[in-house]
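Numbering (this note's numbering), first residue to last: 3 to 316. Glycine is no exception: its CB is placed at the ideal position from the N, C-alpha and C atoms. Worksheet: one structure, shown below.
Okay, structure coming up:
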């Protein structure tokens with residue numbers, strides 16, 4: 003079993019490189035096929051949709067906030083040593099339950115984190131752990147499927163095993179958008195009405211006739227919102243979103259707000275960097291701007307924009 007000695011001052015890039023070496027990722031036809039299947043699998047997960055009129059005291063996701071309140075009470079009390087232990091125990095239990103043959107890859111990743119975090123400050127250790135969770139989410143394992151299934155149905159029986167992983171991934175996305183951006187800087191930019199660059203991503207899905215009718219009626223209504231309860235993988239490549247049979251193509255405008263804590267581009271932390279994947283937080287809310295019937299063969303185009311959380315607006 004290979005182990006690597008890394009220079010912690012160069013994290014996270016060296017660590018990610020070593021993790022890719024551990025996973026024996028060769029850029030050949032077979033690995034590219036595996037990569038496409040893995041990414042397509044994340045794009046294929048069904049998206050449960052709720053109609054909502056406001057955000058919640060749980061910042062959009064009941065499962066994650068229930069785990070946080072029960073285990074740590076507040077984000078400020080989350081410390082590396084304890085959550086790292088809980089993360090390992092949860093992943094091991096879930097992996098053994100599902101008989102996942104790739105469980106050893108996840109342990110290799112966590113071993114690397116433990117080795118490199120020992121000489122870092124608490125803040126940097128937590129940053130490294132969050133980034134490792136993003137990397138593990140893109141691995142070929144049970145994690146992304148079981149995580150999203152638990153979030154879809156708010157499965158409280160999975161709080162102990164999947165709660166730590168869900169929280170760290172969720173927390174990465176929220177922190178990624180606002181890191182090093184002060185409230186004063188945000189206010190100055192808002193007063194100058196500085197617009198963000200356009201950021202368009204795509205996602206296909208199958209939705210019910212009833213939900214399609216709700217989209218028709220909600221188009222252009224800024225007071226009518228919908229919510230996705232799981233992590234949502236999106237692509238900047240429309241062809242990837244169109245690849246398999248769906249009855250809806252979402253075209254998402256992520257650049258509408260100057261700051262948004264609801265999504266993050268995770269390409270630089272992915273097992274395969276070329277996927278150019280943007281990941282949306284569980285509980286993300288959106289409004290329908292335009293509904294186009296029969297945009298493609300048996301497909302509707304739903305143009306939406308993602309809303310920042312109310313907490314992020316403060």
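Exercise. State the Cα-Cα distance for the pair residue 307 and residue 290, rounded to the nearest angstrom.
Key: Taking the straight line joining both Cα atoms gives about 7 angstroms.
Quiz item: Should residue 146 and residue 44 be called a contact, given that it needs their Cβ atoms to be closer than 8 angstroms?
Solution: Yes; because the gap between Cβ atoms is below 8 angstroms, this pair is in contact.
Practice problem: With a cut-off of 8 angstroms on the beta carbons, I'd call residue 233 and residue 150 a contact; round off their distance for me. | Solution: About 6 angstroms; that satisfies the 8 angstroms criterion.
Quiz prompt | Limits of the beta strand (DSSP E) - the one that residue 280 falls within | solution = Residue 280 -> beta strand (DSSP E) spans 279-282.
Self-check item: Assigned secondary structure, residue 140 (DSSP; H/G/I helix, E/B strand, else coil)
Solution: Looking at residue 140 - three-state DSSP - the assignment turns out to be coil, as it is neither helix nor strand.
Quiz item: At what residues does the beta strand (DSSP E) containing residue 149 begin and finish?
Solution: In the DSSP annotation of this structure, residue 149 is not part of any beta strand (DSSP E); the continuous alpha helix (DSSP H) holding it starts and ends at 145-155.
Quiz prompt | Collapsed DSSP secondary structure at residue 213 in the structure displayed | solution = Under the three-state reduction of DSSP, residue 213 is assigned to helix.
Quiz prompt | residue 105, DSSP secondary structure in three states | solution = The answer is helix: DSSP assigns residue 105 an H, G or I state.
Practice problem: Taking 8 angstroms as the cut-off, decide whether the C-beta atoms of residue 96 and residue 144 are in contact. | Solution: Going by C-beta atoms, residue 96 is nearer than 8 angstroms to residue 144.
Self-check item: contact_flag[the segment 111-127, the segment 152-166] where n(CB pairs < 8 angstroms) is 3 or more
Solution: No, because fewer than three Cβ pairs between the segment 111-127 and the segment 152-166 fall closer than 8 angstroms, the two stretches do not touch.
Exercise. Would you mind stating whether residue 172 and residue 273 have Cβ atoms separated by less than 8 angstroms?
Key: No, the pair does not count as a contact, with Cβ atoms beyond the cut-off.
Quiz item: With contact counted as at least three CB pairs below 8 angstroms, one residue from each stretch, are the segment 102-116 and the segment 243-255 in contact?
Solution: A contact is defined here as three or more CB-CB pairs under 8 angstroms, and the segment 102-116 fails this definition with respect to the segment 243-255.
Quiz item: From residue 177 to residue 86, what does the alpha carbon distance come to, in whole angstroms?
Solution: Residue 177 and residue 86: Cα-Cα distance of roughly 19 angstroms.
Quiz prompt | Straight-line Cα distance separating residue 266 from residue 121 | solution = Going from the Cα of residue 121 to the Cα of residue 266 covers about 28 angstroms.
Self-check item: Bridge-paired residues (DSSP) for residue 236
Solution: For residue 236, which the question treats as bridged, DSSP gives the partners 280.
Quiz prompt | Rounded Cβ spacing between residue 287 and residue 228 (contact assumed at less than 8 angstroms) | solution = Between residue 228 and residue 287 the Cβ distance is about 7 angstroms, and since that is below 8 angstroms, they are a contact.
Exercise. Please report how far the alpha carbon of residue 26 lies from the alpha carbon of residue 132, in whole angstroms.
Key: Bear in mind that a pLDDT of 49 at residue 26, under 50, signals an unreliable position, so the number given afterwards is only what the model happens to contain. Cα atoms of residue 26 and residue 132: separation of roughly 23 angstroms, rounded to the nearest angstrom.
Exercise. Compute the beta-carbon to beta-carbon distance between residue 90 and residue 167, rounded to the nearest angstrom, for a pair I have assumed lies under 8 angstroms.
Key: Between the beta-carbon of residue 90 and that of residue 167 there is about 10 angstroms, and that puts the pair past the 8 angstroms contact cut.
Quiz item: When the Cα atoms are used, what is the spatial distance from residue 64 to residue 169?
Solution: CA-CA distance, residue 64 to residue 169, rounds to 11 angstroms.
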